[in-house]
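These notes are about the structure you will find just below.
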Amino acid sequence: MIVHLCLNCGKVSCNRIAGDDNSQALITLLEKSNNLDKYVATTLTSQGIKLLTKDNKKEVVTCLYGLHYQE
49 MIVHLCLNCG
59 KVSCNRIAGD
69 DNSQALITLL
79 EKSNNLDKYV
89 ATTLTSQGIK
99 LLTKDNKKEV
109 VTCLYGLHYQ
119 E
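Going left to right, the sequence shown walks through residues 49 to 119 as this note's numbering numbers them.
Here it is as structure tokens:
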């Protein structure tokens, strides 16, 4: 899922990824999520949202491209 936190109102929106989403853009989002502002990360965690990190990249790539994909 892609999680969005509105910095104006604090509302969290979770959106499922779809088969026609750009896979490389999803990987880029994963990589950039490691640089989240501490406030944003704390807010999401306090709402029960477990964020993926770069340590989860292999799992994410496998889900997107299949077991036998090699980078």
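Each residue gets a CB set at the ideal place from its N, CA and C atoms; glycine is no exception.
Does residue i come out as helix, strand or coil in the three-state DSSP assignment?
| i | result |
| --- | --- |
| Cys62 | strand |
| Leu53 | strand |
| Lys106 | helix |
| Ile75 | helix |
| Gly112 | A small fix is needed here, since residue 112 is Leu in this sequence, not Gly. Here Leu112 sits in helix by DSSP. |
| Gly70 | Here residue 70 is Asn; the residue named in the question, Gly, does not match the sequence. Asn70 falls in the coil class under three-state DSSP. |
Name the two residues that bound the continuous alpha helix (DSSP H) containing residue i.
| i | result |
| --- | --- |
| Thr101 | Note, Thr101: premise wrong, no alpha helix (DSSP H); not H, not E. |
| Leu92 | 86-94 |
So residue i packs on residue j, CB below 8 Å; how close in whole Å?
| i | j | result |
| --- | --- | --- |
| Asn63 | Ile50 | 5 Å |
| Ser81 | Leu53 | Not a contact, Cβ separation roughly 11 Å. |
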